[in-house]
Amino acid sequence: MSVVVGHIELGSKIEPPAPPAGFVPRKHLRVVLDGATAGAAVTMVCAPAGTGKTVLLAEWARTRSAPTAWVSVDPDDNRPGGLWSAVAHAVARCVPALADLLVGPTAVGDRTGVRHLLVVLDALPGELRLVLDDVHELTSPAVLGELLTMIRYSPARLRLVLAGRRPPALPLSRLRLQGGVVDLGADQLGLSLAETAALISRCGAVMSPEQVSTTHVTTGGWAEGIRLTALAAGRSGDVRSSAGTISGAEHAIAEYLEEEVLGSLSAADRSFLLDVSVCDAVAPSLAAQLSGRSEAGRVLERLVHETSLVSGPEDGRFRLQPLVRSSLSGELGRRQPARGAQLHLRAARWCAVHARPFEAIVHARSSGRTDEFIALVRRWAMPLVLAGEHDSLRLAGAILGPARVADDGVLRLVLPVLDDLAGDPAAVSLRGALTAGATEFRALRAVGDLAASITGGVEGSGPRARLEGALAEAIDGATRLFVSGDRSGAVVRLEAVSARAVDLGLDHLAMQCSSLLATAAAVVGDAVRMTSHATEAISLSERGGWGVSAWSVAARSALAYGGLLGARPDDARRHAADLLAHAPGSLHPAQELLLTVLGAAAESDAGRMRGGLHRMQQARVGFADRELTGAQAALVAVLEHETALALGHAAHARAARRWLEVRVGRSGDVAVMAAREALAADPSVLVGHVVAPVVARTTPALLPDVEIEAVLLGVRDALLTQDRARARRLLVDALDRAAPLDLMRPFTHASASVREVMAHQLGSFGSADGFARRALVAGVQGRATSRAGLSGRESTILRLLPSLSTTGEIADDLHVSLNTIKSQIGAIYSKLGVNNRRAAVVAAYDAGLLGDVTRTSDQDSRTSAVG
74 MSVVVGHIEL GSKIEPPAPP AGFVPRKHLR VVLDGATAGA AVTMVCAPAG TGKTVLLAEW
134 ARTRSAPTAW VSVDPDDNRP GGLWSAVAHA VARCVPALAD LLVGPTAVGD RTGVRHLLVV
194 LDALPGELRL VLDDVHELTS PAVLGELLTM IRYSPARLRL VLAGRRPPAL PLSRLRLQGG
254 VVDLGADQLG LSLAETAALI SRCGAVMSPE QVSTTHVTTG GWAEGIRLTA LAAGRSGDVR
314 SSAGTISGAE HAIAEYLEEE VLGSLSAADR SFLLDVSVCD AVAPSLAAQL SGRSEAGRVL
374 ERLVHETSLV SGPEDGRFRL QPLVRSSLSG ELGRRQPARG AQLHLRAARW CAVHARPFEA
434 IVHARSSGRT DEFIALVRRW AMPLVLAGEH DSLRLAGAIL GPARVADDGV LRLVLPVLDD
494 LAGDPAAVSL RGALTAGATE FRALRAVGDL AASITGGVEG SGPRARLEGA LAEAIDGATR
554 LFVSGDRSGA VVRLEAVSAR AVDLGLDHLA MQCSSLLATA AAVVGDAVRM TSHATEAISL
614 SERGGWGVSA WSVAARSALA YGGLLGARPD DARRHAADLL AHAPGSLHPA QELLLTVLGA
674 AAESDAGRMR GGLHRMQQAR VGFADRELTG AQAALVAVLE HETALALGHA AHARAARRWL
734 EVRVGRSGDV AVMAAREALA ADPSVLVGHV VAPVVARTTP ALLPDVEIEA VLLGVRDALL
794 TQDRARARRL LVDALDRAAP LDLMRPFTHA SASVREVMAH QLGSFGSADG FARRALVAGV
854 QGRATSRAGL SGRESTILRL LPSLSTTGEI ADDLHVSLNT IKSQIGAIYS KLGVNNRRAA
914 VVAAYDAGLL GDVTRTSDQD SRTSAVG
């Protein structure tokens, strides 16, 4: 039922609108409104048409327990008394106790005046919210002045909520500074992805998750745009026709934007937005370049405040609402293509000057100026490759075509380099899992060649010189590592250029250097640095979104190798399996062989020897006679040989040794394998003369852990000949060499006699003591042991056996007789199946009976060693 007051008919004007079709409740925004109105006299909700302001406020008004008066403002409210009469009726409807004073026959004074309202509202019995929707319709200076009076002298229990497409022309800056105004804008009103899906569903459209996501991104969460898109999709069955472009078959969104959003703009503002619509984001200086207006920054700030069509600044740049930008740029393309091309050219030149190469190249392409496009690609090729921004360069190749690329020296260098960096199987030549390989080195050198072929500067000579300097160091480091064999020099160079690349923001070059440093660490078996550099390379690769490449494959392979050498078989197996499962198209057969062998050796170390040996043999035989580096071949053969002997397969082991000898000759690795076979045939034989050239490095081993194994074989010989001093000297030498590298595997696989003396002398190895203790504990994996069923007192005594205390001192510490201790120690020997103290300690470590009590100190020692 409508109420007529004077010339005004009231009805739906003072009632919150009913929810529309497809209504999606927004509880979290109702909570925001509750908080805003509780703490401020005025809450301003300003956003473009179709963002859901009215729907949100109507839902909030209907669901609130506190009374909320509602007035839908229209142009008639600019007449004297019109607005305040409506407000009086809205308040009277919510607060019946004041109805007579506001609109009843007993009301006195000017009931249509704001001052009369203020007097009455001072008597509010409780809190009241007053929503004035569509306040942008108020243009009368007199009515705006009265609204300002209402705000300035607002009764204590009244809270105003002003909603509109733009804020009313009121001087509220001081009140804002005092916290009296809370603003909610288009950013807060945008629908979330879940809300977008709900609205689409309630509009009767069926879309895939990908289509819902596309709609959400394209509309920027704009409610009306989502609704119109859903309606179009419901008719066509394809979201792409309406969400992907405004100029498609479905014109509803474009028409809505034109009539409801852009139609109210002045000609000057519309022209300005048309100019800047060619860019996703604009800095004030770029906006000035595009529009020719020196005051562009102030215009952008005003449009943020007045229209909500522009957001920002964020990082110094402003953004148009996505669909508004799409509509305006579409209009440029349809009606003023020449103007659009000129704007893109201006944007390309501005971006080039301000070191935004990717954006510059994209704009140059859109301008249609092939000469500008090629010039920018040539100018920025080197920085883009180093930073890992390859998309624009690939775009250049696709646009220009093979013939044009072949005619240009720079582009002819760039595109093959990109193929290498991406790990394209067709472009990847032979490289191993433990080295970055020739392909990566060629890629670095090819990129370096660009420096000499590109003319012009990158914002002057300073930045360009820094880029070329970083690249020159990287190439020098790679040359030292792969060509001259100067590993130490390579590490120094690569560490320096890695730090410089990070400072310059060249994350892709930093990733390459970290991968090369992991390779350099693998050469000497440094499991600590191998792991840390590989982890950094993978982190940079994932952060940059570069996916699987030759560099990330090399880094992950280094993690697998580092896990194996560090006696972490589970880590090694996981990294190898991940690469084999997820990067098969990017792996060379040599890499597949090495990763398979690493994973199988890790299985063997974890106790699954037969399965591990079978996989290693199959991989080696299947690889046939294809090319491997010496270190790669040694890794394959040494690991298979070791497992075969552990299982008693002597003939299998000899076949693996001969396979390696054919490939690399009489290396130190082959000598150690021969010594292993001799020991397997006769455990009492001395093999020191066989491995002496390896220990002395006159016949160097290709693998760093094999050199440590040779030293430990010397320890075993010295123990057999009762030369305790030599045995200790060699053991300390092996520990001192291996501990800083966390090169633990040779010690977990050492003979029982070596492990016995290591256990007996724990506490006397200085800085390597923690490493030795961890090596004993790590030896548990893969050994067939039992918990031995020791009693509580026996377990207590067992924990004292690794110490240097005598049997008598142990008896004194436990306050029991010497005979009792001897009897209990004998019981321990019997349960562990040994006949002396040293063997008991090693057996206890292998059974896991001593691991727990040393875990904390082991971790501390490991941390110290790594540091």
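Per my numbering, the very first residue in the sequence shown carries number 74; after that it's consecutive. All C-beta atoms in this analysis are idealised placements derived from N, C-alpha and C, irrespective of residue type, glycine included. Predicted model, so just to flag it, every value in this text is computed and none were measured.
- In the DSSP assignment, Asp206 forms a beta bridge with Ser145, Ala236.
- Secondary structure of Phe391 (DSSP, three-state): strand.
- DSSP places Leu257 inside the beta strand (DSSP E), whose first and last residues are 254-257.
- With a threshold of 16 other beta carbon atoms within 10 Å, Tyr918 meets it and is buried.
- For Cys119, the three-state secondary structure derived from DSSP is strand.
- In the DSSP assignment, no residue is bridged to Val784.
- Considering only Leu666, Val234, Pro153, Ser878, the residue with the shortest C-alpha distance to Ala710 is Leu666.
- DSSP places Tyr226 in no alpha helix (DSSP H); its state is neither H nor E.
- Within the model, the alpha-carbon separation for Glu676 versus Arg731 is close to 24 angstroms.
- Of the candidates His606, Ala607, Ser614, Arg553, Ser614 places its Cα closest to the Cα of Leu579.
- Fully contained in the stretch 611-683 are the following alpha helix (DSSP H) runs of length 4 or more, in chain order: 623-638, 642-655, 662-678.
- Going by C-alpha positions, Val764 is about 8 angstroms away from Gly787.
- For a cut-off of 8 angstroms, the C-beta gap from Gln705 to Ala663 is around 6 angstroms, short enough to register as a contact.
- Note that the C-beta distance between Leu248 and Cys276 is not below 8 angstroms.
- With fewer than 16 other beta carbons inside 10 angstroms of its own, Leu891 counts as exposed.
- Secondary structure note for Ile273: its alpha helix (DSSP H) is the uninterrupted segment 266-275.
- The Cβ neighbour count for His162, taken over all protein chains shown within 10 Å, is at least 16; the residue is labelled buried.
- Distance check between Ala242 and each of Leu220, Ala259, Ala229, Val255 places Leu220 closest, using alpha-carbon atoms only.
- Less than 8 angstroms separates the beta-carbon of Ala723 from that of Glu750.
- Beta-bridge annotation (DSSP): Val383 is paired with Leu393.
- Under the rule that a run must span 4 or more residues, the alpha helix (DSSP H) segments found entirely inside the stretch 680-714 read 682-696.
- The DSSP-derived three-state label of Leu190 is helix.
- In the three-state reduction of the DSSP assignment, Val97 falls in the coil class.
- Sequence-distant partners of Gln362 (beyond 5 residues in either direction) whose C-beta falls short of 6 angstroms from its own C-beta, in its chain, are Arg419, Trp423.
- Residue burial is scored here from C-beta neighbours: Asp480 has fewer than 16 other C-beta atoms within 10 angstroms and is therefore classed as exposed.
- With 16 or more other CB atoms across the displayed protein chains lying within 10 angstroms of its CB, Glu404 is buried.
- Linking Asp256 to Leu102 through their CA atoms gives a straight-line distance of about 13 angstroms.
- In this structure, DSSP gives Leu775 a state outside helix and strand, which the three-state scheme calls coil.
- When DSSP states are grouped into helix, strand and coil, Leu376 belongs to the helix group.
- In the structure shown, Leu231 falls within a strand segment according to DSSP collapsed to helix, strand and coil.
- For Ala361, the enclosing alpha helix (DSSP H) covers residues 357-364.
- Around the CB of Arg789, 16 or more other CB atoms lie within 10 Å, so the residue is classed as buried.
- Around the beta carbon of Glu283, fewer than 16 other beta carbons lie within 10 angstroms, which makes this residue exposed.
- Assignment of beta-bridge partners to Leu201 by DSSP yields Leu231.
- Note on the stretch 791-842: whole alpha helix (DSSP H) runs with a minimum of 4 residues are 797-811, 818-821, 825-833, in chain order.
- For Phe431, the enclosing alpha helix (DSSP H) starts and ends at 430-440.
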